[in-house]
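In what follows, a structure is listed as structure tokens, so that the remarks can point back to it.
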């Protein structure tokens, strides 16, 4: 069992890594993100294993500066990410979609998939990992990626239950929060069942982002709004304009990880950097 102290250490390390990614994206720091983070942990007497765990927590966001600027990761960067993925390799059999399986394991499986896929696409010749094929859709998926779609609230955001064999549907509140936990997948070049669910649940995401903003839950608001920005960039019609919401959330703060989510959303929307 992971202790509370260990959780805190990993969370703090992930925040520091998010700051490195944000600095790299905004051009105020070095190009290296994961490699610099792991090296800094070793040089400061910290635990490199915790730094590698932070890479897994952030997922594809570690590579967001490369995705959004068109640069290729350095050999040291791909090696550091490959080490993070191999140190604690993903489960051989991906967990089933909640509620059939534990939500945390399912979300982690998708985050790992996003990280490995983006890394392989950015530098296929030097990537130490092979991106898994995309799942083919509900309810059957191949075993190289997490099973199933995220449960969806449906186009009207209501509570409904699908027919036999259909994904379990739930209310937009819990669904939008779960989608927010997968915000690292909201990057150009990634597409699959999670993204399909986002397209079909634009209203639920808009409601979720608005609710989180009104509740002053800035991290959740930033994550869900990032999905709205991705949908706008994808050409999906939205019930609200995500640009003012993104700017508003950016003014509220909330920490390094929400700041990174907001910066990615601004890039997706084509807003001028601040």
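Residue numbers (the working numbering): 165 to 438. Note that the Cβ used here is the ideal one computed from N, Cα and C, for glycine as well.
Status (buried if at least 16 other CB within 10 Å, exposed otherwise) for residue i
i           : result
residue 357 : buried
residue 241 : buried
residue 379 : exposed
residue 439 : What is shown of the chain runs 165 to 438, which leaves residue 439 out entirely.
residue 167 : exposed
residue 264 : exposed
residue 377 : buried
residue 252 : exposed
Residue i - containing alpha helix (DSSP H), residue span
i           : result
residue 340 : 336-344
residue 360 : 357-364
residue 381 : No alpha helix (DSSP H) contains residue 381, which DSSP labels as neither H nor E.
residue 264 : Careful: residue 264 lies outside any alpha helix (DSSP H) and carries neither H nor E.
residue 429 : 420-433
residue 229 : 228-233
residue 214 : 212-222
residue 177 : 168-190
residue 246 : 239-251
residue 407 : 406-416
Within 8 angstroms, strictly: CB atoms of residue i and residue j
i           : j           : result
residue 243 : residue 178 : no
residue 431 : residue 227 : no
residue 370 : residue 422 : no
residue 189 : residue 229 : yes
residue 185 : residue 202 : no
residue 347 : residue 395 : no
residue 418 : residue 373 : no
residue 375 : residue 337 : yes
residue 216 : residue 278 : no
residue 410 : residue 426 : yes
residue 433 : residue 406 : yes
residue 248 : residue 214 : no
residue 345 : residue 271 : yes
Spatial distance of residue i from residue j (CA atoms)
i           : j           : result
residue 258 : residue 250 : 16 angstroms
residue 408 : residue 428 : 15 angstroms
residue 367 : residue 393 : 13 angstroms
residue 343 : residue 281 : 19 angstroms
residue 224 : residue 235 : 15 angstroms
residue 439 : residue 204 : Coverage of the chain is limited to positions 165 through 438, which leaves residue 439 absent and any answer about it impossible.
residue 365 : residue 420 : 27 angstroms
residue 360 : residue 207 : 43 angstroms
residue 303 : residue 384 : Note that residue 303 scores 27 on pLDDT, short of 50, meaning its location in the model is unreliable and no value can be drawn from it.
residue 341 : residue 292 : 32 angstroms
residue 237 : residue 283 : 8 angstroms
residue 262 : residue 339 : 11 angstroms
residue 220 : residue 273 : 10 angstroms
residue 191 : residue 352 : 19 angstroms
residue 193 : residue 200 : 11 angstroms
residue 335 : residue 171 : 29 angstroms
residue 260 : residue 349 : 18 angstroms
residue 267 : residue 175 : 18 angstroms
residue 246 : residue 195 : 17 angstroms
residue 209 : residue 398 : 44 angstroms
residue 382 : residue 222 : 17 angstroms
residue 388 : residue 289 : 33 angstroms
Beta-carbon separation (whole angstroms), residue i vs residue j, contact threshold 8 angstroms
i           : j           : result
residue 182 : residue 424 : 5 angstroms
Below-8 angstroms beta-carbon distance, residue i vs any chain B residue
i           : result
residue 230 : Here there is only one protein chain, and chain B is not present.
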